[in-house]
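Listed in order, the protein sequences are those of chains A and B. Position 118, counted from 1, in the first sequence is what my numbering calls 118; the numbers after and before it change by one each time, with no gaps. Position 393, counted from 1, in the second sequence is what my numbering calls 393; the numbers after and before it change by one each time, with no gaps. Even glycine gets a Cβ: it sits at the ideal position worked out from N, Cα and C. Working notes, structure below.
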Amino acid sequence: MNKKLPAPEANLPLPPQLFHVLLGLGEDTLHGYGIIQAYEALTEGRETLLPGSLYGTLSRMVSAGLLEEADPPPAQTSGGPPRRYYRATAYGKAVARAESERLERLLAATRARKIVPEESP
Amino acid sequence: MSTGKQRNREDGPTRSGGLGTVLFRLALMAHPRMWRDRYLEEATEAFAGGVARRRSESGRVAALRYALEAVADAILSGCKERIGARRRKARGAKQVAAGQLLDTVRADLRYAHRILLKRPSFTLPVLITLALGIGANTAIFSVVDAVILQPLPYRDAERLVQVREITPQGFGFTVSPPNFASLRDQARSLEDATAYRETLLTLTGGELPEAIWGIRVSAGFFEFLGAPPAIGRSFLPEEDEAGAHPTVILSHGAWQRRFGGSPATLGSTMVLDGVPRTIVGVLPRLFRFAEGDPEVWLPQEFTERDVSLRGRHFLQVLARLRPGTEFETALEEMRTVWSGLEQEYPETNTGWGVTAFPLLQYVIEGARTPLLVLLGSAGLVLLIACANVANLSLARVERRGRELAIRSALGGSRSRLIRQLLTEHLVLGIMGGVLGLGLAYLAVDRLLVLFQGQLPRADAVAVNGAVLLFTFIVSLGVGLLTGLAPVVQGTRHDLFAVLRGTGHRLGKAWAHGRVRGTFVVAEVALALMLVMGTGLMLNSFLRLTRVDLGFQKENLLTGQISLPEARYQTADERAQFFQTISDDLERHGEVVAAAAVGVLPLTWNYTHVFTVPGAREDAAWQAEDRLVTPGYFRTMRIPLLSGRGFQDTDGADAPPVAVVNQTFAHQLYPDGRAVGRRVQFKGSPDEESWEIVGVVGNTRQFGVRAESPATLYRPHSQINPPSSMAVVVRASSSPRDLATTLRETVRALDAALPIYQLSTMKDRVSDSLTSERVMLVLLGLFGFIAVVLGAIGIFGVMSYSVSQRTTEMGVRIALGGAPRDVLTMVVVQGMKLAALGVVLGIVGSLALGRILTDLLFGVEPGDPATLGAVTALIAAVSLTACLLPARRAAAVDPAESLRQD
Chain A
1 MNKKLPAPEA NLPLPPQLFH VLLGLGEDTL HGYGIIQAYE ALTEGRETLL PGSLYGTLSR
61 MVSAGLLEEA DPPPAQTSGG PPRRYYRATA YGKAVARAES ERLERLLAAT RARKIVPEES
121 P
Chain B
1 MSTGKQRNRE DGPTRSGGLG TVLFRLALMA HPRMWRDRYL EEATEAFAGG VARRRSESGR
61 VAALRYALEA VADAILSGCK ERIGARRRKA RGAKQVAAGQ LLDTVRADLR YAHRILLKRP
121 SFTLPVLITL ALGIGANTAI FSVVDAVILQ PLPYRDAERL VQVREITPQG FGFTVSPPNF
181 ASLRDQARSL EDATAYRETL LTLTGGELPE AIWGIRVSAG FFEFLGAPPA IGRSFLPEED
241 EAGAHPTVIL SHGAWQRRFG GSPATLGSTM VLDGVPRTIV GVLPRLFRFA EGDPEVWLPQ
301 EFTERDVSLR GRHFLQVLAR LRPGTEFETA LEEMRTVWSG LEQEYPETNT GWGVTAFPLL
361 QYVIEGARTP LLVLLGSAGL VLLIACANVA NLSLARVERR GRELAIRSAL GGSRSRLIRQ
421 LLTEHLVLGI MGGVLGLGLA YLAVDRLLVL FQGQLPRADA VAVNGAVLLF TFIVSLGVGL
481 LTGLAPVVQG TRHDLFAVLR GTGHRLGKAW AHGRVRGTFV VAEVALALML VMGTGLMLNS
541 FLRLTRVDLG FQKENLLTGQ ISLPEARYQT ADERAQFFQT ISDDLERHGE VVAAAAVGVL
601 PLTWNYTHVF TVPGAREDAA WQAEDRLVTP GYFRTMRIPL LSGRGFQDTD GADAPPVAVV
661 NQTFAHQLYP DGRAVGRRVQ FKGSPDEESW EIVGVVGNTR QFGVRAESPA TLYRPHSQIN
721 PPSSMAVVVR ASSSPRDLAT TLRETVRALD AALPIYQLST MKDRVSDSLT SERVMLVLLG
781 LFGFIAVVLG AIGIFGVMSY SVSQRTTEMG VRIALGGAPR DVLTMVVVQG MKLAALGVVL
841 GIVGSLALGR ILTDLLFGVE PGDPATLGAV TALIAAVSLT ACLLPARRAA AVDPAESLRQ
901 D
């Protein structure tokens with residue numbers, strides 16, 4: 001990846017699906033279905049990523065420098081179709097961080113407007 | 001950029017997993033091929049995992065919901081990928097903002113999706129209806145595509161023509177070798193021509209002798225079609241003539257089945273008809289020839305006699321037009337060649353003409369009309385389904401009136417609302433299409449089974465790219481068609497009336513009623529047309545089964561025996577064999593009678609031309625020539641009308657005698673008295689004259705439909721009998737039990753002889769009606785669906801109308817109207833619509849009936865009896881569908897109904 005990447009903030013607001021993928025990945029190296037499972041676990045099954053659109057998104061995220069393809073973790077060479085593994089690049093993590101901060105600020109604003117009640121302890 | 005590692009997509013273990021997975025994989029077809037190559041297996045695995053997890057954790061409904069959502073997502077993102085890929089190609093890297101419009105569409109789609117999932121009571125019946133309609137169309141289209149639309153799998157197939165001679169009586173006929181040679185030498189408009197003929201062979205060397213199908217071809221035949229052998233060589237020019245070393249080429253299938261696909265097969269021998277032949281080649285795996293898939297291919301090996309006699313016609317001829325040559329021009333030139341031949345060889349060619357057909361037309365002859373009729377009928381079913389769905393949608397849009405009104409009050413523009421409603425219907429159409437595709441996928445195989453191998457090019461039938469495209473377009477069309485009325489009605493709401501909550505109770509309801517009424521009228525009309533088609537097919541099928549065949553088909557067992565010429569060289573040996581087998585069979589207690597015949601009724605033709613001394617000067621007549629053993633008429637129970645039948649004394653040394661059928665007698669002799677007259681055969685060396693000693697009843701020869709042709713019977717022992725004859729055995733009870741007896745009797749005479757095509761005459765007759773039966777079953781199915789959908793349509797509209805007018809009914813009853821009058825009022829209202837539909841349907845049937853003319857037998861397309869019965873049926877169904885809501889209307893409690901408002 002030798003082209004110059006724009007500042008992380010230039011990607012904001014990040015399309016939700018991209019954000020969800022970065023959330024699902026975290027610090028791990030996962031294949032597509034692994035990302036779906038991780039994201040579903042994270043949201044306690046309330047949200048999901050659909051397989052039909054996910055793989056195209058992953059490939060675009062690799063092109064945009066948010067993700068990189070990685071070798072499978074040594075423990076996971078079991079059966080199933082050949083899988084591609086992904087992990088977030090440093091740039092991808094920076095973008096995810098920038099998006100979370102943006103959302104944080106938005107949430108604070110909604111609280112100020114009392115649309116959402118203050119978080120109870 | 002991502003590194004494109006090579007992945008093998010065959011080795012995933014996720015191929016299993018039900019209809020859902022099949023549908024999902026089909027939906028992924030929306031993605032570009034590159035995407036599928038990389039991700040298909042992974043995505044399928046993720047989908048299967050998602051479905052499985054939901055089923056175990058949240059139950060079937062959640063799993064179904066997820067599956068539908070994932071399928072829709074796969075289709076949408078696939079379209080997006082495709083568009084994206086095209087844009088990237090067109091505009092390099094300028095891709096970032098490109099997907100924005102699509103994102104809005106996507107938002108619409110997501111919303112549509114949610115709305116639809118929220119109302120399963122609406123979505124489910126609609127999806128089932130559309131899936132049936134689209135599935136039927138997809139299944140039939142996949143057959144139409146493979147049989148009619150795809151070009152034949154040969155080189156420059158569109159320039160190939162089948163050449164046939166025309167007999168002096170005007171029938172299509174095979175070509176004689178010398179005429180073929182003249183055609184090839186003289187016709188400038190032809191680039192090339194080749195010849196073939198089918199043949200039945202006995203294969204020995206295995207445990208049991210076996211009859212196999214083969215084709216003899218001229219040198220260069222495979223190159224002509226653009227399919228030279230995959231292994232080994234083609235036939236050489238010298239193999240066109242007898243005397244060359246005997247060779248054979250195998251089909252790929254035969255090579256696999258009989259030789260395990262071993263490369264060592266080349267050079268080994270195969271004993272066919274007692275002649276050891278060297279295997280010199282194997283054809284490509286995908287090679288199919290128009291006439292089915294014969295196992296072995298032999299060179300022509302023409303004898304001196306074959307190439308010298310212009311009067312012996314036995315070749316099928318294929319020709320390729322020169323590039324740029326019009327078909328008509330080529331045909332005209334061929335006709336010129338034939339008139340030249342007529343001048344040059346008046347002895348053999350007087351009266352003979354030539355004709356040609358584009359090869360595809362020749363191959364699928366007879367299948368075209370039935371398939372197109374089926375496709376049209378499936379189309380009618382889909383239209384009825386659309387009308388029903390549109391009606392359901394109309395009702396739903398009215399129920400959603402409030403939501404739509406609020407949306408427009410909040411600033412949703414009319415166009416935005418239209419887009420939303422249309423999107424919902426497109427989603428419905430696509431989902432129906434995906435389900436229909438699944439149904440078609442399952443139905444196509446069963447459909448082909450129904451045809452019992454009698455459909456040309458059936459092996460090419462598949463759900464392929466063209467079929468997917470067809471289904472996609474149909475699905476979009478269905479979406480638009482079903483969405484139109486709801487869109488128009490749904491966005492025309494009187495906002496304030498709706499918000500007041502009185503909007504669609506009064507006033508507007510009638511306007512909507514009219515639209516609905518129109519749909520009902522259309523449904524009834526279309527259903528009547530379909531049922532009329534079914535009725536006509538049923539009527540003609542019943543007539544076909546009742547046709548007097550001229551013989552008794554019950555309790556008859558038939559089979560074919562071919563004597564290898566190497567072991568049965570003389571005419572006497574062959575004649576003796578068939579006589580002995582008939583006699584031996586008759587010795588069994590359960591056998592009433594047995595005989596042999598050259599060609600069984602309802603199979604193929606074996607036509608000869610002959611002259612009648614003393615008859616009209618120019619008469620060169622054509623008749624079916626049947627060689628029989630003396631017991632034939634007795635075994636078949638063909639009645640003797642005058643004179644005598646054959647006797648054992650009509651042997652080789654006795655004076656030649658013949659028996660003719662009624663048609664023959666009447667065509668040749670105006671007084672119908674044929675006994676005692678003589679006939680002579682033309683163009684063959686055995687030009688002795690034959691005395692007619694008897695006249696028998698007519699029998700159908702070319703299938704149940706065709707009138708009996710002029711037929712002449714001769715004792716098999718008085719001519720050079722063919723090496724292959726059919727044996728017919730009349731049993732005292734079930735003929736099937738005789739199969740073993742027949743086999744054992746043959747084996748006792750000659751253990752190396754196969755008997756094949758063993759079947760009862762009843763089955764043969766039934767098989768000959770296969771295509772009629774398929775038409776009847778499918779049209780019956782379509783007609784049934786049409787009637788059910790039509791009834792649901794009437795019922796739905798009348799129920800709706802009643803529910804909208806509950807208040808009115810209540811008032812009527814409260815004011816002293818008898819419930820009976822209310823009932824009558826509703827029924828009359830519904831039946832008015834039905835009656836209009838019936839009238840339009842009758843008009844439509846009469847207008848379109850002509851299409852069926854070729855398929856019908858003994859019934860006119862506008863047959864009044866059928867039309868009457870069908871009309872009565874539709875009227876009865878309509879009445880029932882009206883009565884149910886009418887009775888509810890009559891039972892309205894006035895107090896209750898007035899309280900509602």
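Please identify the residue among the options whose C-alpha is closest to the C-alpha of residue i.
i	options	result
B:C882	B:A835, B:R514, B:L867	B:A835
B:V77	A:G52, A:I36, A:A98	In the sequence as presented, Val is not what sits at residue 77 of chain B; that position holds Ser. The option with the nearest alpha carbon to B:S77 is A:G52.
B:R322	B:T471, B:A367, B:P284, B:R159	B:R159
B:F122	B:T355, B:L557, B:L428	B:L428
B:R546	B:V765, B:L359, B:T741	B:V765
B:T129	B:P263, B:L382, B:A378, B:V373	B:L382
A:G34	A:P15, A:L54, A:F19	A:L54
B:V729	B:A595, B:L753, B:E707	B:A595
B:V363	B:P709, B:V797, B:Q316, B:R396	B:Q316
B:R419	B:L742, B:D108, B:A139	B:D108
A:R84	A:T29, A:L14, A:F19	A:T29
B:E424	B:L873, B:L380, B:S475, B:F470	B:S475
B:S182	B:A72, B:W338, B:V296	B:W338
B:R82	B:N539, B:L528, B:M34	B:M34
Mind checking residue i: buried by the 16 CB within 10 Å criterion, or exposed?
i	result
B:E365	exposed
A:V116	exposed
B:W510	Per-residue confidence for B:W510 stands at a pLDDT of 46, beneath the threshold of 50, marking its modelled position as unreliable; no derived number is given.
B:N720	exposed
B:D240	buried
B:G550	buried
B:H113	buried
B:F171	exposed
A:A112	exposed
B:A891	exposed
B:P928	No answer is possible for residue 928 of chain B: the residues shown for chain B start at 1 and end at 901.
B:T138	buried
B:S803	exposed
B:I842	buried
Residue i bridges to which residues according to DSSP?
i	result
B:P358	B:V161
A:L88	Reading the sequence as shown, one finds Ala at residue 88 of chain A and not Leu. Bridge partners of A:A88: A:L67.
B:R626	B:Y713
B:A658	B:I692
List the residues of chain A that residue i touches, going by C-beta distances under 7 Å, in chain order.
i	result
B:S77	G52, S53, G56
B:L28	G52
B:E333	Per Cβ cutoff of 7 Å: no residues; B:E333 is ~58 Å from chain A at best.
B:W255	Chain A residues near B:W255: none, gap ~34 Å exceeds 7 Å.
B:W297	Result: empty, since nearest Cβ-Cβ is about 43 Å, beyond 7 Å.
Residues of chain B with a CB under 9 Å from the CB of residue i: which are they?
i	result
A:G32	Y39, E42, A43, E45, A46
Cβ closer than 8 Å: which chain A residues qualify as neighbours of residue i?
i	result
B:A74	L50, P51, G52, S53
B:A70	L50, P51, G52
When every heavy atom of the ligand GTP is checked, does at least one fall within less than 8 Å of the C-beta of residue i?
i	result
B:N391	With respect to small molecules bound, the structure shown includes none, and the ligand GTP cannot be examined in it.
By the criterion of Cβ-Cβ separation under 7 Å, what are the contact partners of residue i in chain B?
i	result
A:R83	E42
When the Cβ atoms of the stretch 244–264 of chain B are set against those of the stretch 277–296 of chain B, are three or more pairs found closer than 8 Å? Yes: at least three Cβ pairs fall under 8 Å.
Do the stretch 311–321 of chain B and the stretch 191–200 of chain B make contact, defined as three or more Cβ pairs closer than 8 Å? Result yes; three or more Cβ-Cβ pairs closer than 8 Å.
So, do the stretch 221–229 of chain B and the stretch 252–259 of chain B have three or more beta carbon pairs nearer to each other than 8 Å? These segments do not touch.
Would you be able to state if there are at least three C-beta pairs under 8 Å between the stretch 810–829 of chain B and the stretch 854–867 of chain B? Short answer: they don't touch.
Say whether the stretch 10–29 of chain A touches the stretch 80–95 of chain A, bearing in mind that this needs 3 or more beta-carbon pairs closer than 8 Å, one atom from each stretch. Yes, the stretch 10–29 of chain A is in contact with the stretch 80–95 of chain A.
Touching or not, the stretch 263–272 of chain B and the stretch 330–343 of chain B, by the rule of three or more beta carbon pairs under 8 Å? Short answer: they don't touch.
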